[in-house]
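Novice: The structure's right below; bear with me while I get my questions together.
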Amino acid sequence: MTNVPDVVTSTEPQETGPEGAIPAAILAVLRRAGFVAADIEPCFVALTGGVASDIWKVEAGGTPIVVKRALSKLRVAAEWLAPVERNAAEADWFRVVGTIVPEAVPKILFHDAPSGLFAMPYFPPQRYPVWKAQLRDGAVDQHFAARVGATLGRIHAATMDSAPLAERFANDETFHAIRLEPYLEATARRHTTLADRLMELSRATLACRQALVHGDVSPKNILAGPAGPVLLDAECAWYGDPAFDLAFCLNHLLLKCVWNRAAAPRFLAAYDVLREAYFGEIPSAVAAGIEARTARLLPALFLARIDGKSPVEYITTDADRDLVRSAAIPLILAPAAQLSAIRNSWASTLQNDGQGLT
Ligand SMILES: Nc1ncnc2c1ncn2[C@@H]1O[C@H](COP(=O)(O)OP(=O)(O)OP(=O)(O)O)[C@@H](O)[C@H]1O
Ligand SMILES: [Mg+2]
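Per the numbering used here, the very first residue in the sequence shown carries number 2; after that it's consecutive.
Below you can see the structure in the form of structure tokens.
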């Protein structure tokens, strides 16, 4: 989940400090599930300093696995509570999506609802680097970006208009609490002239029930694996507006232009191919609607990563923050119908700010 400033987290195992020590209750669950034999003392390594979940790599003689357990109180300075049921929703999202694009998600090895944890295979960072780290370095693989778009499009297309899935992922309350409120509504409080539009956007987004949404399609949660993207971190899973996922992901490509200015033309190209590949998978009857809703959400999310509750950590100067605001605000006030218009508008903002776009 990403509710706090993004950082590149490493999948390299870190020292297990006192906080990373494995609770006995979790070890007991793993033993009961048959993942750790009674006579084996497993090796647990905390994978990240994760703020939303505890994540451990577990080695017990065989192939390593990863155990993820949601925290009820996030490890941030502010009091931030999030329901632990999101761990079950995440496991469920992986199960459903595993039937659509099995290569693009971890397989759920087991899920223990009472202890709020599930286990999945371990993806070694040497073969599965985090996409965000590649983008930071300006390594923008256009083919990979297209694979991300196509994967997302396939998930949305395959889950569209499904009453059983709508019921299974009726997570409106959590989605509102951990996505719409911290991004759109927090930004509405900072920008009174945009408040009505952003609040209406939040309401309209929550009211849309069209497809299975991941909710956190950020490069930080995508591994660049040898067989294409692997999507992680589906804690925000919700049956709702697929435009949210597309906008969320495209937003990161726009923001990355500020992070690595020299690579901006490649990020814009990746935006184009991701969008095209996405719509290549979407039935034409619904494509224009999704595009229009994405075009409304995108500038709002763009501004939200500056002025909402979860600002990106890599946009650090007032000049850069103002640059994003100057591009986002007009597009919130007068939404574009097409995503290419948003890209072109951002490109000309970059072109004209003195640093150019080379
Ligand atoms: N199965 C896995 N194999 C290897 N690395 C993993 C695996 N699952 C998670 N990770 C690593 O741990 C990081 C955090 O995982 P995840 O995003 O699921 O947790 P989170 O607590 O929701 O994180 P955050 O709040 O920081 O986004 C991932 O970005 C990835 O680097
Ligand atoms: Mg994550």
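We put the beta carbon where it would ideally sit given N, CA and C, even for glycine.
Considering only the beta carbon of each residue, do residue 350 and residue 328 sit closer than 8 Å?
Specialist: Going by C-beta atoms, residue 350 is nearer than 8 Å to residue 328.
Novice: Could you give the C-beta distance for residue 222 and residue 213, rounded to a whole number, given that I count them as a contact under 8 Å?
Specialist: About 16 Å; that fails the 8 Å criterion.
Novice: Using only CA atoms, which one of 271, 43, 290, 173 lies nearest to residue 141?
Specialist: For the residues 271, 43, 290, 173, the minimum Cα distance to residue 141 belongs to 271.
Novice: Tell me residue 336's beta-bridge partners as DSSP assigns them.
Specialist: None, per the DSSP bridge assignment.
Novice: Expressed to the nearest angstrom, what Euclidean distance is found between the alpha-carbon atoms of residue 143 and residue 41?
Specialist: Going by the C-alpha atoms only, they are around 45 Å apart.
Novice: Measuring from the CB of residue 54, is there a heavy atom of ligand 1 at a distance below 7 Å?
Specialist: Residue 54: yes, Cβ under 7 Å from ligand 1.
Novice: Apart from the five residues just before and just after residue 228, which ones in its own chain have a Cβ nearer than 7 Å to its Cβ?
Specialist: Hits under 7 Å: 104.
Novice: Once you ignore the five residues that flank residue 128 on each side, which residues in its own chain have a CB closer than 8 Å to its CB?
Specialist: 226, 227.
Novice: Can you look up residue 186 in the DSSP assignment and give me helix, strand or coil?
Specialist: It is helical.
Novice: For residue 336, which residues of its own chain have a beta-carbon under 7 Å away from its beta-carbon, when the five flanking residues on both sides are left out?
Specialist: Answer for residue 336: 296, 297, listed in chain order.
Novice: Rounded to a whole number of angstroms, what is the C-alpha to C-alpha distance between residue 98 and residue 155?
Specialist: Approximately 10 Å between the Cα atoms of the pair.
Novice: Between residue 49 and ligand 1, is there a pair consisting of the residue's CB and a ligand heavy atom that are separated by less than 7 Å?
Specialist: Yes, the beta carbon of residue 49 sits closer than 7 Å to at least one heavy atom of ligand 1.
Novice: Out of 153, 334, 172, which has the shortest C-alpha to C-alpha gap to residue 276?
Specialist: If we check each option's Cα against that of residue 276, 153 comes out closest.
Novice: Answer with yes or no whether the minimum CB distance from residue 134 to chain B is below 8 Å.
Specialist: Here there is only one protein chain, and chain B is not present.
Novice: Determine which residues share a DSSP beta bridge with residue 122 and list them.
Specialist: 66.
Novice: DSSP state of residue 230, grouped into three classes?
Specialist: Of the three classes helix, strand and coil, the one that applies to residue 230 here is strand, per DSSP.
Novice: Return helix, strand or coil for residue 47, following the three-state DSSP convention.
Specialist: Looking at residue 47 - three-state DSSP - the assignment turns out to be strand.
Novice: According to DSSP, is residue 272 helix, strand or coil?
Specialist: Note: residue 272 maps to helix in three-state DSSP.
Novice: Just verifying my parser: in three-state terms, what is the DSSP assignment at residue 242?
Specialist: Residue 242: coil per DSSP, three-state reduction.
Novice: Around the Cβ of residue 87, are there at least 16 other Cβ atoms within 10 angstroms (buried) or fewer (exposed)?
Specialist: By the 10 Å Cβ count, residue 87 comes out buried.
Novice: On the three-pair Cβ rule with 8 Å, is the stretch 176-183 touching the stretch 63-76?
Specialist: Result no; under three Cβ-Cβ pairs closer than 8 Å.
Novice: Nearer than 7 Å: is that true of the beta carbon of residue 252 relative to any heavy atom of ligand 2?
Specialist: No, ligand 2 has no heavy atom inside 7 Å of this Cβ.
Novice: Would you call residue 356 buried or exposed, if buried means 16 or more other Cβ atoms sit within 10 Å of its Cβ?
Specialist: Its Cβ having fewer than 16 others within 10 Å, residue 356 is exposed.
Novice: Is residue 310 near residue 189, with beta carbons less than 8 Å apart?
Specialist: Result no, Cβ atoms of residue 310 and residue 189 do not sit closer than 8 Å.
Novice: With DSSP collapsed to three states, give me the class of residue 41.
Specialist: Looking at residue 41 - three-state DSSP - the assignment turns out to be coil, as it is neither helix nor strand.
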